[in-house]
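In the numbering used here, the protein residues as written are 7 to 310.
If you want it as structure tokens, here you go:
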């Protein structure tokens, strides 16, 4: 008979670094080896813009970072078409879009004026993914929402998935209406992949804010020993953590077990590597990253 019960084995951080208590960790502040100094936030007039701004302000104030607002406008300079395939410049459309952009800038500047010491503004004309990837090339974090590349009522587009694959900076993806709140544990999804290690390294400054950190290993005997290495890596940076080894029952997917744990503890954030398999394979056959982006049970910090 097959046992399909999910089992958890919790390993404390104390065996790794007993001198690093959570109380002691709170006095250390952001780790100097991995500072988070430059935060980019996607500015787009949709119903999630305020959520992105709130998260950026919260992280900037707690970690001493600077905020750069990145506004992307699609190139509409030549949009009128004739029957022969010609495209023509339409000044009225350009002027209307310019007014919309200026209004958005005034609105965001007013929102941020009393909340942070200063911020920068970048306006880029082009495709949203390409523009944000370009802008984030030297950033420490890029904040976006789960979808919506176009107008507020447009069908959601896979903006976050594209950015997680292409951006050099880690991508913080916020679910609809979800505020960034560090009163709950942070889950670090660990499978000993390059992507998971990359996400862990990038997440260090944010993890200093976490109430608790749980390194979650789902049914992978080969990854379990290296979770100790990840725990040691965090401990040396003053971050206490525990390891949760979850048995993988037959017939269950890794993403479903991860979702179960998220439902149990309601984490403030899930840190994970993005697209350990190619994105095309995940789109066709499914995968953990794709499942998380489709369901968005919690804020995600992704790195590829």
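Even glycine gets a Cβ: it sits at the ideal position worked out from N, Cα and C.
Small disclaimer: the values here were computed from a predicted structure and weren't measured.
Next item on the list: Look at residue 132 and residue 212 and say whether their C-beta atoms are less than 8 Å apart.
Entry: Their beta carbons are not under 8 Å apart, which means residue 132 does not touch residue 212 by this criterion.
Check: Tell me the DSSP bridge mates of residue 115?
Finding: Partner(s): none; residue 115 has no beta bridge.
Check: If we ignore side chains and look at the alpha-carbon of each, how far apart do residue 257 and residue 264 end up?
Finding: Approximately 14 Å between the Cα atoms of the pair.
Check: The alpha helix (DSSP H) with residue 2 in it runs from where to where?
Finding: The question about residue 2 has no answer here: the residues shown for the chain are numbered 7 through 310.
Check: Looking at C-alpha atoms only, which residue of 108, 231 and 126 is the closest neighbour of residue 72?
Finding: Residue 72 has its Cα closest to that of 126, out of 108, 231 and 126.
Next item on the list: For the alpha helix (DSSP H) holding residue 278, just list the boundary residues, first then last.
Entry: Segment 275-279 is the beta strand (DSSP E) holding residue 278; no alpha helix (DSSP H) there.
Check: When we look at the beta-carbon of residue 113 and count the other beta-carbons within 10 Å, is it buried (16 or more) or exposed?
Finding: Burial is judged here by how many other beta carbons sit within 10 angstroms of a residue's own beta carbon; residue 113 has fewer than 16 and is exposed.
Check: Alpha carbon to alpha carbon, how far is residue 199 from residue 108?
Finding: So the two alpha carbons sit approximately 44 Å from each other.
Next item on the list: Would you grab the beta carbon distance between residue 6 and residue 216 for me? Rounded to a whole angstrom, and I think it's under 8 Å.
Entry: There is no way to answer for residue 6, as the model of the chain reaches only from 7 to 310.
Item checked: Span separating the alpha-carbon of residue 190 from that of residue 204 -> Taking the straight line joining both Cα atoms gives about 23 Å.
Next item on the list: Run the CB neighbour count on residue 175, radius 10 Å, all protein chains shown included, and call it buried at 16 or more, exposed below.
Entry: Here residue 175 is buried. Its C-beta has 16 or more other C-beta atoms within 10 Å.
Next item on the list: Pull up the DSSP beta-bridge partners for residue 128, would you.
Entry: DSSP, once it has assigned bridges, lists 76 as partnering residue 128.
Checklist line | Local conformation of residue 110 per DSSP, three classes | finding: The three-state reading of DSSP puts residue 110 in helix, counting H, G and I together.
Item checked: Buried or exposed (CB count within 10 angstroms, at least 16 for buried), residue 105 -> Exposed: under 16 other Cβ atoms inside 10 Å.
Next item on the list: Could you check if residue 143 is buried or exposed, using at least 16 other CB atoms within 10 Å of its CB as the buried criterion?
Entry: Exposed is the call here.
Check: Are residue 276 and residue 251 closer than 8 Å when you measure CB to CB?
Finding: No, Cβ-Cβ distance for residue 276 and residue 251 is not below 8 Å.
Notebook entry, point to check: How many angstroms separate the CA atom of residue 59 from the CA atom of residue 220?
Noted result: Roughly 27 Å separates the two Cα atoms.
Next item on the list: Using beta-carbon positions only, say whether residue 149 and residue 294 come within less than 8 Å of one another.
Entry: Their beta carbons are not under 8 Å apart, which means residue 149 does not touch residue 294 by this criterion.
Check: Looking at the structure shown, is residue 168 part of a helix, part of a strand, or coil, going by DSSP?
Finding: Helix, per DSSP.
Check: The alpha helix (DSSP H) with residue 60 in it runs from where to where?
Finding: 55-69 is the extent of the alpha helix (DSSP H) around residue 60.
Next item on the list: Using alpha carbons as the reference points, say which of 81, 134, 278 and 201 lies closest to residue 168.
Entry: Comparing Cα positions, the closest option is 134.
Note to self: According to DSSP, is residue 195 part of a helix, a strand, or is it coil?
What the structure shows: Residue state, collapsed to three classes: strand.
Checklist line | From 177, 224, 122 and 235, residue whose alpha carbon lies closest to that of residue 268 | finding: That would be 224, whose Cα lies nearest to the Cα of residue 268.
Next item on the list: Determine the direct distance from the alpha carbon of residue 182 to that of residue 151, and round the result to whole angstroms.
Entry: Approximately 7 Å, taken between the alpha carbons.
Next item on the list: Assign residue 272 to one of two classes, buried (16 or more other C-beta atoms within 10 Å of its C-beta) or exposed (fewer than that).
Entry: Exposed.
Next item on the list: Would you check if the distance between the CB atom of residue 61 and the CB atom of residue 180 is smaller than 8 Å?
Entry: For residue 61 and residue 180, yes; Cβs fall inside 8 Å.
Notebook entry, point to check: DSSP puts residue 49 in a beta bridge; with which residues?
Noted result: 77.
Note to self: In whole angstroms, give me the CA-to-CA distance for residue 136 and residue 241.
What the structure shows: Computed Cα separation, rounded: 37 Å.
Note to self: Once DSSP output is grouped into helix, strand and coil, what is the label at residue 148?
What the structure shows: The answer is strand: DSSP assigns residue 148 an E or B state.
Notebook entry, point to check: For residue 117 versus residue 173, is the C-beta distance shorter than 8 Å?
Noted result: No, Cβ-Cβ distance for residue 117 and residue 173 is not below 8 Å.
Margin query: If I measure Cβ to Cβ from residue 156 and keep anything under 6 Å in the same chain, skipping five residues before and after, which residues do I get?
Written below: Because the pLDDT at residue 156 is just 44, under 50, the model does not fix this residue reliably, and the point stays unresolved.
Check: With 16 as the cutoff for other CB atoms within 10 Å, does residue 274 come out buried or exposed?
Finding: Classification of residue 274: buried, given that the 10 Å Cβ count is 16 or more.
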